[in-house]
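Report on the structure given below.
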Amino acid sequence: MISALVIALFLVFMLLRVPVSVAIALATIVAMLTGGYDLMMLPQRMAASTQSIELMAIPFFILAANLMTALGITRDIFDFADALVGALRGGLAQANVVAGIIFSGISGAAVADAAALGAISMKELPKAGYERPFSAAVVIAVSTLGPMMPPSIMMVIYAITAEVSVARMFLAGLLPGLLVALMLMSLIYAMARYGWIASPPPKPFSLARLWAKTKSALPALFMPLVILRGITSGWATPTEAGVLAILYALGLGIVQRRLSPRRLFAAMRSSIESTALIMFIIAVSTALASLFISEGTAGQIGGLITSVSSNPLVFLLIANGVLMVLGAVIETLPAMLITLPILLPTAKALGIDLLHFGVVVIFNLIVSIMTPPIGIGLYILMALSNVGFGRLVLATIPFHLVLLVALAIMIAFPALSLYLPHLLMP
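The numbering of the sequence shown is this note's numbering, which starts it at 2 and goes up by one.
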C-alpha cells in the first residue's frame with residue numbers, strides 16, 4: 002500500500018515537472034507520514050548513504066574532468082581523433098567515437114561527454130557536410146561510452162551499493178565499452194558507404210598531421226592511463242586516483258599556461274554544483290529504496306520474478322525490460338539507486354556475477370539518455386544543434402538499435418565483462 006502510494010505520488014510530481022530528486026524526497030516524506038514511520042529516519046538514512054569514503058572519488062573525478070575541459074583539451078582530443086580515423090568513410094563522425102572513448106576516460110559521465118563533445122561536433126560535422134540531425138544523433142550515441150569507461154561515476158556508485166570492488170568494476174566496463182565504440186563506428190561506416198547519410202569524401206591520411214596532433218593530445222591521452230594504472234596496480238584507491246588526476250590536471254595547466262584563475266574558479270564552481278546534485282540524488286534515492294525494503298516490496302518483486310522462472314537469463318531479460326521502462330521516464334542515477342536494492346538480492350540468489358550485472362544495468366540505463374520522453378541527452382543536443390525533438394529522435398533510431406544489440410551481447414556473454422577483472426585483479 003505504502004509502496005503504491007510512493008509510486009503514485011512520484012508520478013504526480015513528475016507530471017507537475019517537479020525535479021526528479023525533489024519528487025523522490027516529497028513522495029518519500031508523504032509516504033512515511035502516511036505509514037506511521039518516524040520522520041527522523043529520513044535524514045538519518047540520507048546522511049548515512051553519503052558517508053562512504055569511496056564516494057569521495059566522485060567530486061575528485063568531476064573536478065579533474067572540469068579542469069581538463071577548462072584547459073581546452075576537448076579540441077586537442079577531437080583533432081587527434083580526426084587525424085587518426087578521418088581517412089575512413091564517415092571519417093569526421095568516426096572521429097567523434099574515438100574522441101568519445103578518450104574523453105570518457107577523463108569525464109566518466111554521459112552528460113559531460115554530450116555537452117563537451119557536442120559543443121565542438123555540432124560546429125565541425127555540419128560544416129563538413131553532415132546533416133544536423135545525424136550529427137546530433139552521433140554525439141548522443143557516443144556519450145553512452147562515458148559511464149562504461151573508467152572513471153565512471155555510475156560505476157563508483159554501483160560498486161558501493163553492490164559491495165563490489167570499484168577497481169574491478171572499472172575493468173569490467175572496458176571491453177563492453179570498446180565493443181560499443183566499434184559497433185558505432187561500423188554503423189557510421191555502413192551509413193556513409195551505402196549512401197544512407199550525406200557525408201563528405203574521406204580525407205587523405207597524413208602521417209605528419211597525425212604525429213602533430215598526437216603531440217598536442219598526448220597530455221590528455223595520458224590522464225586515463227594514470228587513473229586506470231593507479232587503481233589496477235593497487236598503489237592508489239579510486240579516491241586517491243581522483244586526487245592524482247586533479248594534481249595532473251593542475252600541473253598540466255601550469256606548465257602549458259592555460260589555467261587562469263577565472264577558469265579554475267569556473268571549474269571548481271561547476272564541480273561543486275554537480276557533486277551537490279549527485280549526492281542529493283544518492284541520499285533521497287537511498288532513503289526511498291530503504292522504505293521499499295521496510296515495506297517488503299523488494300522481496301515481493303524478487304519473488305514475483307523468480308516465480309516466472311529461476312533461470313538467470315530470464316531474470317536478466319525481465320530486469321532489463323523493467324529498467325528500460327523506468328529509464329525512459331526518470332533519470333538514470335535515481336533509477337539505478339531505487340531498483341538496485343530490489344534486484345540485487347535476486348541476482349545474488351541466482352548466482353549472477355555482480356560485476357556482469359552492474360555492466361548490464363549501467364549500460365541499459367545509459368541508453369535511456371537518448372530515449373524519449375525524458376532522455377536528457379536529447380535535450381542537451383536539441384539546445385546545441387537547434388534540431389527539433391521529432392527529427393532528432395528519428396535520427397537516433399539506427400544508433401538506438403545498435404546499442405540494444407550491444408546490450409544483448411553483454412547479457413548473453415558475461416565473459417565480455419569478467420575477462421579483464423579476472424585476468425588483472427583475480
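Just so it is clear, CB atoms sit at the ideal spot from N, CA and C, and this is done for glycine as well.
None of the values given here were measured: they were computed from a predicted structure.
Does the beta-carbon of residue 169 have 16 or more other beta-carbons within 10 angstroms, so that it is buried, or is it exposed? buried
Does the contact criterion of 3 or more C-beta pairs under 8 Å hold for the region 181–193 versus the region 369–389? Between the region 181–193 and the region 369–389, the count of Cβ pairs shorter than 8 Å is below three; the stretches do not touch.
In its own chain, which residues sit with a C-beta less than 7 Å from the C-beta of residue 364, not counting the 5 before and 5 after it? 149, 177, 408 and 411
Secondary structure of residue 380, DSSP reduced to three states: helix
In whole angstroms, what separates the C-alpha of residue 210 from that of residue 82? 11 Å
Of all the alpha helix (DSSP H) runs that stay within the bounds of the region 76–158, which reach a length of 4 or more residues? The region 76–158 contains these whole alpha helix (DSSP H) runs: 92–108, 111–129 and 133–144.
By DSSP, does residue 435 sit in helix, in strand, or in coil? As shown, the chain starts at 2 and ends at 427. That puts residue 435 outside it, with no answer to give.
Distance check for residue 328 and residue 145, CA to CA, integer angstroms please. Between residue 145 and residue 328, the C-alpha separation is close to 14 Å.
For residue 72, which option in 255, 231 and 342 has the closest C-alpha, if you only look at C-alpha atoms? 255
In three-state DSSP terms, what is residue 164? coil
What would DSSP say about residue 57, mapped onto helix, strand or coil? In the three-state reduction of the DSSP assignment, residue 57 falls in the helix class, which pools H, G and I.
Give the straight-line distance between the Cα atoms of residue 132 and residue 126, rounded to the nearest whole angstrom. Distance from the CA atom of residue 132 to the CA atom of residue 126, rounded to whole angstroms, is 8 Å.
Closer than 6 Å by C-beta to residue 284: which residues in its own chain qualify, once you throw out the five before and the five after it? Chain order, please. 47, 50 and 51
Three-state secondary structure assigned by DSSP to residue 249: helix
Let me know if residue 23 comes out buried or exposed under the rule of 16 or more other beta-carbons within 10 Å of its beta-carbon. exposed
Contacts around residue 56, its chain only, beta-carbon distance under 8 Å, and the 5 residues preceding and following it disregarded: 157, 158, 161, 280 and 283
Rounded to whole angstroms, what's the CA-CA distance from residue 205 to residue 186? Just pull it up for me. The straight-line gap from Cα to Cα measures roughly 18 Å.
What is the rounded straight-line gap between the Cα of residue 246 and the Cα of residue 301? C-alpha separation (whole angstroms): 44 Å.
With a cut-off of 8 Å on the beta carbons, I'd call residue 173 and residue 360 a contact; round off their distance for me. 5 Å
contact_flag[the region 410–427, the region 339–357] where n(CB pairs < 8 Å) is 3 or more: Counting Cβ pairs under 8 Å, three or more are found: they touch.
Using only alpha-carbon positions, find the residue among 68, 117 and 58 that is nearest to residue 270. Ranking the options by Cα distance to residue 270, first place goes to 68.
Output the distance between the C-alpha atoms of residue 202 and residue 400, rounded to the nearest integer angstrom. The straight-line gap from Cα to Cα measures roughly 22 Å.
Considering only residues of the same chain and omitting the five flanking positions on each side of residue 316, which have a CB-CB separation below 8 Å? 306, 307, 310, 347, 348, 351 and 353
Using 10 angstroms around the beta-carbon of residue 337, count the other beta-carbons present and answer buried if the total reaches 16, otherwise exposed. buried
Would you call residue 398 buried or exposed, if buried means 16 or more other Cβ atoms sit within 10 Å of its Cβ? exposed
May I ask you to check if the CB of residue 257 is nearer than 7 Å to at least one heavy atom of the ligand ADP? The model depicted lacks the ligand ADP and carries no ligand whatsoever.
For the alpha helix (DSSP H) containing residue 264, list its first residue and its last residue. 262–295
Do residue 3 and residue 32 count as a contact pair if the criterion is CB distance below 8 Å? Here residue 32 is near residue 3, since their CB atoms are less than 8 Å apart.
In three-state terms, what does DSSP make of residue 231? helix
CA nearest to the CA of residue 95, picked from 235, 182 and 264: 182
Can you name the start and end residues of the alpha helix (DSSP H) that residue 343 belongs to? 333–350
With burial defined as no fewer than 16 other Cβ atoms inside 10 Å of the residue's Cβ, what is the status of residue 122: buried or exposed? Around the beta carbon of residue 122, 16 or more other beta carbons sit within 10 angstroms, so the residue counts as buried.
Collapsed DSSP secondary structure at residue 44 in the structure displayed: helix
Which value, in whole angstroms, describes the spacing of the CA atoms of residue 278 and residue 330? 19 Å
Using a 10 Å radius around the Cβ and a threshold of 16 neighbouring Cβ atoms, would you call residue 65 buried or exposed? Residue environment for residue 65: buried (at least 16 other C-beta atoms within 10 angstroms of its C-beta).
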